[in-house]
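Protein chains in written order, with the numbering used here: chain A, 15 to 412; chain B, 15 to 412.
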């Protein structure tokens, strides 16, 4: 439908994503993080524009960052999946090309029989894991190139590049102890070549790590390739750019065909300031603010509130660019009270002065969003709404 | 999706169903039955928790009890059907096993030519129908056993048990008068055996009833078997129990794998009191309150209001069990004003003190539910929401 209706227009859309924005009261009847925050600029936009709330994947379903972003970008997150290997690779800035196969690695401990005694190698810290990753980087397998990057503690990512590689391979992690790691097994005939090459690499790695302790081996999970997502330009006729600090979000943005703009600084105001230098070359701007989610995961209600306020403070600079459509929302909720992602609906503010229809709301907060004029709807419907308000969707039918 | 994400947790969910709860004002601008009721306990839960409304099947579609309960239990009522024969059998407490075929019977009147002159046999009362059912119970067909039970007035149910029975059989009710009843016709080759046996039984029955008046024959409708619904334990990883007074609701609960708890008494307070004896052995509790629907069908606004108040009065005993998630809702609306089931959205109250997100509502009523924080959504999404609030759904994707 979008491919059929999308049209060019001289308008600009900003999708300002405060990761994990949705929250919960810490005490019964109290405010959420967003409701507690002093946000005069957002409240003005809420008064002028329209509020609503989105369901990231399905009611009750708590999404990981991959599916949540895909949905917000308009892709059905149940149909389109980004494999764990690819997502982890993007998380540390490692590119996964169309013919590459990525996997997530976990260092583990094998006992004298070769059985796993600790699936996370005592959660070794970075300074012990890094030299091990460097050892793995020295291993060569003829016919392919292999990139290994440390992620955090016992986690790393490996990407294999070469001809005829297919990622349809089962995890080597048996998900239990007292058994040896599985070999990499192809799930289809085409994947046999790649599985064989990974097993060769694993065999050498086993010898290389044999004398280490506690991390004398690893398991691999989430073998995956570029999911070949439709691109923003093709689906929405948009020239899109991503302004984000964390590599993973830049990676997901690349997968849907956005350009990635690198800039100095990492604060919300630095991100918003960075918009001006790409303003003229693009018509869609994905701005990703991470620390709302991080403070939520920390259980830090006050910290999350402050991040929200810092975004509000930077908002006038964004508005001075005169976007035609500004969407302020999130990929999912991360209530400080729960210290984790959650399934709760996501607050949404749509501001498009030429066409927005005001509702009764006068503040940007969960309670107001619940009764907002846009109602409660699947996150995948957000992009068509933004395009419409930007005059970028043709009429359907006569 | 639920099979993939459901996980065990040490939490308990209560689904308190006031059948036909949704209502309408009797006078323009007046309160609905629920709004007119004095419900201090429900109002407190509404203030603390989150309201919303569900669509039972599709907007504008008035559901029967079967589809409405299936939807509320999380099964697409368009995909999964409980045949009328099976539903009627469960309504009078007759079990329909996996290999049985049930049909609903209507006594009718045949004229001297064998054509139907009255499709409901002058709606004969129970005391005339019962001896006829007893006559039918004496008929034997070699190779199968047959159970016949009276339902009400001119209605009865027949269940055939034996080997190789398939229910894919057309109604014998021609849905018009001045024609004879159809024979039972198989719609598929496999159903030929069962259709033949039903026709044998019908032929004997015709002779047995020949001298009766006005009910000298019957028609059969809704040949059906156990619909083989996925079970709560397999789909949701829940040990579920049903607390209900009416056989039909116990039957539907059995079809989705719930245990059925029998207890003394039939008032809402007796049902809630009965919960305590099964509390420790289960983690999902379906409590079905029938008289809200009955009073609605009677057009008895005041009576329906009083039933709602009696549930409210019994609520503290339920809360003393400390459920983690309490859902108060209905299968469909039965406005006293309409004296029938209706398509209107169904009021919903979700109370889960650890994770509910409060909205602006302070009363449990249709007007507050319409602007509640959960929005308006299909009834089939209710179970995932309840599971999420009980910590029983894993995160989706990385």
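Cβ atoms here follow ideal geometry from the backbone N, Cα and C, with glycine treated the same way.
Coarse secondary structure for residue i, derived from DSSP in three states
i, result
"residue 238/A", "strand"
"residue 365/A", "strand"
"residue 182/B", "coil"
"residue 141/B", "helix"
"residue 71/B", "coil"
"residue 340/A", "strand"
"residue 132/B", "strand"
"residue 159/A", "strand"
"residue 228/A", "coil"
"residue 169/A", "strand"
"residue 397/A", "helix"
"residue 164/A", "strand"
"residue 15/A", "coil"
"residue 82/A", "helix"
"residue 378/A", "coil"
C-alpha gap between residue i and residue j, whole angstroms
i, j, result
"residue 82/A", "residue 411/B", "9 Å"
"residue 263/A", "residue 107/A", "10 Å"
"residue 37/B", "residue 350/B", "7 Å"
"residue 47/B", "residue 343/B", "14 Å"
"residue 58/B", "residue 377/B", "7 Å"
"residue 133/A", "residue 149/A", "20 Å"
"residue 364/B", "residue 340/B", "6 Å"
"residue 130/B", "residue 189/B", "10 Å"
"residue 114/B", "residue 204/B", "14 Å"
"residue 309/B", "residue 317/B", "6 Å"
"residue 212/A", "residue 289/A", "42 Å"
"residue 112/A", "residue 391/A", "33 Å"
"residue 217/B", "residue 110/B", "23 Å"
"residue 319/A", "residue 39/A", "12 Å"
"residue 202/B", "residue 219/B", "25 Å"
"residue 191/B", "residue 16/A", "54 Å"
"residue 215/A", "residue 234/A", "12 Å"
"residue 239/A", "residue 183/A", "11 Å"
"residue 35/A", "residue 255/B", "38 Å"
"residue 261/B", "residue 253/B", "20 Å"
"residue 231/A", "residue 76/A", "32 Å"
"residue 434/B", "residue 161/B", "The requested residue 434/B is not part of the displayed model; chain B covers only 15 to 412."
"residue 30/B", "residue 362/B", "10 Å"
"residue 127/B", "residue 91/B", "41 Å"
Short Cβ contact (8 Å threshold) for residue i with residue j
i, j, result
"residue 300/A", "residue 267/A", "yes"
"residue 329/A", "residue 56/A", "yes"
"residue 382/B", "residue 393/B", "no"
"residue 251/B", "residue 408/B", "no"
"residue 338/B", "residue 368/B", "yes"
"residue 164/A", "residue 180/A", "no"
"residue 274/A", "residue 243/A", "no"
"residue 307/A", "residue 33/A", "yes"
"residue 353/B", "residue 311/B", "yes"
"residue 379/B", "residue 49/B", "yes"
"residue 27/A", "residue 384/A", "no"
"residue 105/B", "residue 265/B", "yes"
"residue 331/B", "residue 402/B", "no"
Any non-hydrogen atom of the ligand MN closer than 7 Å to residue i Cβ
i, result
"residue 105/B", "The ligand content of the structure shown is nil, which means the ligand MN is not present either."
| message | At a CB distance below 8 Å, what residues from the region 377 to 395 of chain B approach chain A? Give them in sequence order. | response | 385, 386, 387, 388, 389, 390, 391 and 395
| said: Would you call the region 86 to 95 of chain B in contact with the region 213 to 232 of chain B, where contact means no fewer than 3 C-beta pairs closer than 8 Å? | reply: no
| Taking contact to mean at least 3 C-beta pairs separated by less than 8 Å, is the region 281 to 298 of chain A in contact with the region 311 to 325 of chain A? | yes
| Is the region 388 to 400 of chain A in contact with the region 18 to 33 of chain B, if contact means three or more CB pairs nearer than 8 Å? | no
| said: Any contact between the region 167 to 182 of chain A and the region 116 to 129 of chain A? By contact I mean 3 or more CB pairs, one from each, below 8 Å. | reply: yes
| query | With a cut-off of 8 Å, do at least 3 Cβ pairs link the region 354 to 366 of chain B to the region 69 to 84 of chain B? | reply | yes
| task | Would you check if there are 3 or more beta carbon pairs closer than 8 Å linking the region 131 to 144 of chain A to the region 193 to 205 of chain A? | result | no
| query | Taking Cβ-Cβ distances below 9 Å as the criterion, which residues of the region 240 to 256 of chain B are in contact with chain A? | reply | none
| request: Examine the Cβ distances between the region 152 to 159 of chain B and the region 95 to 106 of chain B and report whether three or more of them are shorter than 8 Å. | output: no
| message | For the region 58 to 69 of chain B against the region 285 to 297 of chain B, do three or more pairs of beta-carbon atoms, one drawn from each stretch, fall closer than 8 Å, so that the two count as touching? | response | no
| request: Please name the residues in the region 399 to 412 of chain B whose beta-carbon is closer than 7 Å to at least one beta-carbon of chain A, in chain order. | output: 399, 401, 402, 407, 409, 410, 411 and 412
| For the region 90 to 102 of chain A, which residues have a CB atom closer than 9 Å to at least one CB atom of chain B, in sequence order? | 91, 92, 95, 96, 97, 98, 101 and 102
| task | Compile a chain-ordered list of the residues in the region 30 to 63 of chain A whose CB is closer than 7 Å to at least one CB of chain B. | result | 38, 39, 42 and 43
| Selection of the region 343 to 358 of chain A by Cβ proximity to chain B, strictly under 9 Å | 347, 349, 351, 352, 354, 355, 356, 357 and 358
| Against chain A: residues of the region 181 to 197 of chain B by CB proximity under 9 Å | none
| Going along the chain, which residues of the region 363 to 374 of chain B sit with their C-beta nearer than 9 Å to a C-beta in chain A? | 367, 368, 369, 370, 371, 372, 373 and 374
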